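Student:
Numbering (the UniProt record's numbering), first residue to last: 1 to 407.
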């Protein structure tokens, strides 16, 4: 008998659905199955050479010891310069803390501020980890449905209806994982008008996909608009979360950051001093080089994603029963599979949910995707385009053949 008692805070959360889906796909591959894995949300490019070389120089120079918990001054200055250059924000190094990836920054902010029963407003579809991180910190996730008809975006009316006297945070992710929805400055101003009536509510912006945007005429400089550029009056209660993972193909380097009011950044520093410590000194040097160095890789990778997005969306939309719009940002397609619900497989199995559709695609077609239910909105599935066009074409062809067999 297992005598280990697991804490309630762990029992109330679940493993990441996207991670679980990726692990299942890898397990089937190990068993000899041919699997097209369209689950993983990480760039399939190598980290640019000049960034890797900066890490090597840091090691040779002996930068292998503890750093300031908030991160090296070089890195925080590089982050501050990036925020000023690309986002028009004026955060100083003492208003920035480097963390072990952006995920750590988000969790630490929630852990440092939530009291039991505090509510966090989360627009759905959402990144799978937001609700469970809130639960792990004794908070209450409040999901606000943002349907396809409104561009998968939170409206001022939806935000206003969700805020109560217990609301502590609103989380905004733009461009969005899983939909790619990207807020305009005008849309941010509409949300800011609502927030002006609720001065005690904090705002967290998850900007991790900010550079992966496809309409450069609409998004000046190839960067998604920022809430604080549109509504600078929110600066004293907004925490901007970001990192180098998606933009520079550095998912394994684990460097993120939070920029915001000094009092909030100090609270994160206190929490992390006991929970994690500083992020890797060598990775910090690499991240500073990424932010300060040549940015050509960013535009080149986005051009590749755009080609994949256009081709894969066209292929999906040619399949009867499936549809998806062109995402404005990030590297996912959020595919509407509502027309497949209620259909029968050749073995007589009825597809009742998007979870059924996803499991059937994996078992029958050997294509791994993630059910929309994991992101808080059904009936959809998320498909990652962070893989080769050849792999994407194979995946779409397999999906088409499987759908054709439904009755």
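Every residue gets a Cβ at the ideal spot worked out from N, C-alpha and C, and that includes glycine.
All figures in this text were calculated on a predicted structure; none of them were measured in a lab.
Inspect the beta-carbon positions of residue 403 and residue 39 and report whether they are closer than 8 Å.
Tutor: No.
Student: Answer yes or no: does any C-beta atom of chain D fall closer than 8 Å to that of residue 229?
Tutor: Among the chains in the structure shown there is no chain D, since it carries only a single protein chain.
Student: Name the residue from 34, 30 and 45 whose alpha carbon lies nearest to the alpha carbon of residue 246.
Tutor: The candidate whose alpha carbon is nearest that of residue 246 is 45.
Student: On the criterion of 16 or more Cβ atoms from any shown chain inside 10 Å, does residue 344 qualify as buried, or is it exposed?
Tutor: Exposed, by the Cβ-count rule.
Student: DSSP three-state call for residue 319: helix, strand or coil?
Tutor: coil
Student: Give me the Cα-Cα distance between residue 153 and residue 181, rounded to the nearest whole angstrom.
Tutor: 7 Å
Student: Pick from 70, 7 and 235: whose alpha carbon is nearest that of residue 200?
Tutor: 235
Student: Is it a yes or a no for the segment 278 to 295 touching the segment 46 to 59, going by three-plus beta-carbon pairs under 8 Å?
Tutor: yes
Student: Do you know whose CA, among 72, 277, 274 and 66, lies nearest residue 287's CA?
Tutor: Closest by alpha carbon: 72.
Student: Smallest Cα separation from residue 304: which of 165, 392 and 250?
Tutor: Selected option, being the one with the closest Cα: 392.
Student: Distance check for residue 67 and residue 267, CA to CA, integer angstroms please.
Tutor: Rounded to whole angstroms, residue 267 to residue 67 spans 18 Å at the Cα level.
Student: How far does the beta strand (DSSP E) with residue 259 in it reach, from first residue to last?
Tutor: Where residue 259 is concerned, the enclosing beta strand (DSSP E) stretches over 256 to 259.
Student: Put residue 119 into one of helix, strand or coil per three-state DSSP.
Tutor: strand
Student: Just tell me which of 400, 384 and 223 has its CA closest to the CA of residue 87.
Tutor: The option with the nearest alpha carbon to residue 87 is 223.
Student: Measuring alpha carbon to alpha carbon, tell me which of 83, 119, 157 and 212 ends up nearest residue 229.
Tutor: Ranking 83, 119, 157 and 212 by Cα distance to residue 229 puts 83 first.
Student: Is the segment 175 to 194 touching the segment 137 to 145 in the sense that three or more CB pairs, one from each, lie closer than 8 Å?
Tutor: no
Student: Could you pull the DSSP bridge partners for residue 162 from this structure?
Tutor: In the DSSP output, where bridge partners are listed per residue, residue 162 has none listed.
Student: Ordered along the chain, which non-local residues of its own chain (more than five positions away) have a Cβ less than 6 Å from that of residue 319?
Tutor: These residues qualify, in order along the chain: 400 and 403.
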